[in-house]
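Structure, as structure tokens:
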Amino acid sequence: MTTSFMILAVLTVAGTAAAMGLRNAVHCVLALALGFAGIAMLYLQLGAQFVGFTQILVYVGAVAILAVFAIMMTHNDKSMALPDSHSAWVAGCIVAVAVFAVLARAIVSSSASAQTQPPQPAATVQQIGNALMHRFVMPLEIMGLLLTAALIGAVVIAMDRREEMK
Amino acid sequence: MNSLQSYLLLSSLLFSIGLAGALTRRNAILVLIGIELMLNAANLNFIAFWRYGPAPEVLTGIMFTIFSISIAAAEAAVGLSIILAAYRHSRTTDLDQMNSLKG
Numbered sequence: 001m002t003t004s005f006m007i008l009a010v011l012t013v014a015g016t017a018a019a020m021g022l023r024n025a026v027h028c029v030l031a032l033a034l035g036f037a038g039i040a041m042l043y044l045q046l047g048a049q050f051v052g053f054t055q056i057l058v059y060v061g062a063v064a065i066l067a068v069f070a071i072m073m074t075h076n077d078k079s080m081a082l083p084d085s086h087s088a089w090v091a092g093c094i095v096a097v098a099v100f101a102v103l104a105r106a107i108v109s110s111s112a113s114a115q116t117q118p119p120q121p122a123a124t125v126q127q128i129g130n131a132l133m134h135r136f137v138m139p140l141e142i143m144g145l146l147l148t149a150a151l152i153g154a155v156v157i158a159m160d161r162r163e164e165m166k
Numbered sequence: 167m168n169s170l171q172s173y174l175l176l177s178s179l180l181f182s183i184g185l186a187g188a189l190t191r192r193n194a195i196l197v198l199i200g201i202e203l204m205l206n207a208a209n210l211n212f213i214a215f216w217r218y219g220p221a222p223e224v225l226t227g228i229m230f231t232i233f234s235i236s237i238a239a240a241e242a243a244v245g246l247s248i249i250l251a252a253y254r255h256s257r258t259t260d261l262d263q264m265n266s267l268k269g
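Residue numbers (my numbering), protein chains in the order written: chain X, 1 to 166; chain P, 167 to 269.
Shown next as structure tokens:
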């Protein structure tokens, strides 16, 4: 393992663990943005530049900001003051540790996962664009339809209907 | 040199952190964020297998990750707007108190 991988792994795990563990919800989302940025840098390290920049644009730029807005719009002293229940916390952590133990055992015992890095494959934006426009054009169109439907649906669901009823 | 194993272990750790958050937090927005983290761990697996797999020039792993990120963005937008609508109705985002489907 290289030093850069270790630094990025520690950054990502610290950011995501803080996002799931901190008490204040706004702090959680800011720590989450750090974790998402760490994952984006891991993509860059793996040679997937386009996916790394997409990750920064979509997750750090859009999803984290959207979550901050949602938390601020639903801010309520009553819900912030309540601590998470202790027994549910212990049970959830036991389940998560058990899942990690099973996954880690499967990964370590597998012979396929021990191989070292092959030479860097070329994945330029031009190649990705060509693939999107030829081989993957149908999924791309369906994705555009899905995003349009999700955009309209999100606006309709979040709209305040009490004003129209008057 | 990094091996595939280190990336897979990191991504399973991220998945477990997201699972722990989704199971233990009571704020609905933070549960949604935990689910996003689990999706991200799967994306990291796709990219790692693309990088170490037999035919990286076909770009299948990258394409799957791009589509997966778009679907996750749509899911986050719709999920957060559902939480906003539920908050407007019941004045709380606490999952333990959202125990009624009646409008």
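We put the beta carbon where it would ideally sit given N, CA and C, even for glycine.
List, in order along the chain, the chain P residues whose C-beta lies closer than 7 Å to that of residue i?
| i | result |
| --- | --- |
| Ile39 (chain X) | Asn206, Leu210 |
| Ala104 (chain X) | Leu175, Ser178 |
| Val58 (chain X) | Ile235, Ala239 |
| Val125 (chain X) | Going along chain P, no residue has its Cβ under 7 Å from Val125 (chain X), so there is no contact; the nearest lies around 11 Å. |
| Gly61 (chain X) | Chain P residues near Gly61 (chain X): none, gap ~10 Å exceeds 7 Å. |
| Leu32 (chain X) | Ile199 |
| Met72 (chain X) | Ordered by position in chain P, no residue passes the 7 Å Cβ test against Met72 (chain X), which lies about 10 Å from the chain. |
To the nearest angstrom, report how far apart residue i and residue j are at their CA atoms.
| i | j | result |
| --- | --- | --- |
| Phe212 (chain P) | Tyr173 (chain P) | 10 Å |
| Val99 (chain X) | Arg161 (chain X) | 43 Å |
| Arg254 (chain P) | Ser182 (chain P) | 32 Å |
| Glu223 (chain P) | Gly153 (chain X) | 37 Å |
| Ser256 (chain P) | Arg217 (chain P) | 47 Å |
| Leu176 (chain P) | Met143 (chain X) | 29 Å |
| Gln171 (chain P) | Asn206 (chain P) | 17 Å |
| Ala70 (chain X) | Pro118 (chain X) | 43 Å |
| Gly21 (chain X) | Met133 (chain X) | 42 Å |
| Phe36 (chain X) | Ser4 (chain X) | 17 Å |
| Ser266 (chain P) | Ala252 (chain P) | 10 Å |
| Ala150 (chain X) | Ile56 (chain X) | 21 Å |
| Leu246 (chain P) | Ala214 (chain P) | 30 Å |
| Val156 (chain X) | Gln263 (chain P) | 24 Å |
| Ala81 (chain X) | Leu261 (chain P) | Note on Ala81 (chain X): pLDDT 48, under 50, position unreliable in the model; no value is reported. |
| Arg191 (chain P) | Ile199 (chain P) | 10 Å |
| Gly61 (chain X) | Leu34 (chain X) | 11 Å |
| Ala208 (chain P) | Lys268 (chain P) | 36 Å |
| Val137 (chain X) | Ala131 (chain X) | 8 Å |
| Leu103 (chain X) | Val10 (chain X) | 19 Å |
| Thr231 (chain P) | His86 (chain X) | 36 Å |
| Ser110 (chain X) | Ala40 (chain X) | 26 Å |
| Glu141 (chain X) | Leu196 (chain P) | 31 Å |
What does residue i reach in chain B if we use C-beta pairs closer than 8 Å?
| i | result |
| --- | --- |
| Leu261 (chain P) | Among the chains of the structure shown, chain B does not appear; the protein chains present are X and P. |
By alpha-carbon positions, which one of the options ends up nearest to residue i?
| i | options | result |
| --- | --- | --- |
| Met73 (chain X) | P:Thr226, P:Gly227, P:Thr259 | P:Thr259 |
| Ser236 (chain P) | X:His75, X:Tyr59, X:Ile128, X:Ile65 | X:Tyr59 |
| Ala18 (chain X) | X:Ala62, X:Cys28, X:Leu44 | X:Cys28 |
| Val90 (chain X) | P:Leu179, P:Ser178, P:Ser169, P:Ala186 | P:Ala186 |
| Met159 (chain X) | P:Leu250, P:Met264, P:Ala221, P:Asn265 | P:Leu250 |
| Leu203 (chain P) | X:Met41, X:Gln120, X:Thr12, X:Ala101 | X:Thr12 |
| Gly47 (chain X) | X:Ile107, X:Val125, X:Ala101, X:Glu141 | X:Val125 |
| Pro139 (chain X) | P:Ile199, P:Gly184, P:Met229 | P:Met229 |
| Gln49 (chain X) | X:Ile94, X:Ala123, X:Phe136 | X:Ala123 |
| His75 (chain X) | X:Ala14, X:Gln127, X:Leu147, X:Asn24 | X:Asn24 |
| Leu30 (chain X) | X:Met6, X:Met41, X:Ala64, X:Ser110 | X:Ala64 |
| Ala112 (chain X) | P:Ile195, P:Pro220, P:Thr226 | P:Pro220 |
| Ser169 (chain P) | X:Gln45, X:Ala14, X:Val26, X:Val10 | X:Gln45 |
Do residue j and residue i count as a contact pair if the criterion is CB distance below 9 Å?
| i | j | result |
| --- | --- | --- |
| Leu32 (chain X) | Ala88 (chain X) | no |
| Gly52 (chain X) | Leu8 (chain X) | no |
| Leu210 (chain P) | Tyr43 (chain X) | yes |
| Gly184 (chain P) | Thr16 (chain X) | yes |
| Leu146 (chain X) | Ala238 (chain P) | no |
| Ser178 (chain P) | Ile94 (chain X) | no |
| Leu225 (chain P) | Gln127 (chain X) | yes |
Name the chain P residues that come within less than 8 Å of residue i, Cβ to Cβ?
| i | result |
| --- | --- |
| Ala25 (chain X) | Asn193, Ile195, Leu196 |
| Gly153 (chain X) | Val244, Ser247 |
| Met143 (chain X) | Phe233, Ser236, Ile237 |
Cβ closer than 9 Å: which chain P residues qualify as neighbours of residue i?
| i | result |
| --- | --- |
| Phe50 (chain X) | Ile228, Ile232 |
| Ile128 (chain X) | Leu225, Ile228, Met229, Ile232 |
| Ala14 (chain X) | Under the 9 Å cutoff, chain P gives no residues; its nearest Cβ is about 10 Å from Ala14 (chain X). |
| Leu146 (chain X) | Ser236, Ile237, Ala240 |
| Met20 (chain X) | Ile183, Gly184, Ala186, Gly187, Ala188, Thr190, Arg191, Leu196, Ile199, Gly200, Leu203 |
| Thr65 (chain X) | Correcting the residue type first, residue 65 (chain X) is Ile in the shown sequence and not Thr. Correct list: empty, because the minimum Cβ distance to chain P is about 11 Å. |
Using the beta-carbon of each residue, which ones in chain X are nearer than 9 Å to residue i?
| i | result |
| --- | --- |
| Ser266 (chain P) | Within chain X, no residue comes near Ser266 (chain P); the closest Cβ sits about 16 Å away, beyond 9 Å. |
Comparing the CB of residue i with every heavy atom of the ligand SAM, is any distance shorter than 8 Å?
| i | result |
| --- | --- |
| Gly38 (chain X) | The ligand SAM is not part of this structure, which contains no ligands at all. |
Along chain X, in chain order, which residues have C-beta atoms closer than 8 Å to that of residue i?
| i | result |
| --- | --- |
| Ser182 (chain P) | Ala96, Val97, Val99, Phe100, Leu103 |
| Ile201 (chain P) | Residues of chain X passing the Cβ test: none, with the nearest at roughly 11 Å. |
Mind listing the chain X neighbours of residue i? Cutoff is C-beta to C-beta under 7 Å, in chain order.
| i | result |
| --- | --- |
| Ile213 (chain P) | Tyr43, Leu46, Ala48, Val51 |
Kindly provide the ranges of any alpha helix (DSSP H) runs that are 4 or more residues long and lie completely inside the segment 167 to 242 of chain P, ordered along the chain. Within the segment 167 to 242 of chain P, the complete alpha helix (DSSP H) runs of at least 4 residues fall at 170 to 190, 194 to 218.
Those runs of the alpha helix (DSSP H) which lie wholly inside the segment 99 to 143 of chain X and span at least 4 residues: Secondary structure within the segment 99 to 143 of chain X: the alpha helix (DSSP H) runs of 4 or more consecutive residues, fully enclosed, are 125 to 133 (chain order).
Enumerate, from N- to C-terminal direction, the unbroken alpha helix (DSSP H) stretches of 4 or more residues contained entirely within the segment 52 to 78 of chain X. Fully enclosed alpha helix (DSSP H) runs of 4 or longer: 64 to 73.
Alpha helix (DSSP H) segments (min. 4 residues) lying fully within the segment 12 to 45 of chain X: Here the runs fully enclosed are 25 to 45.
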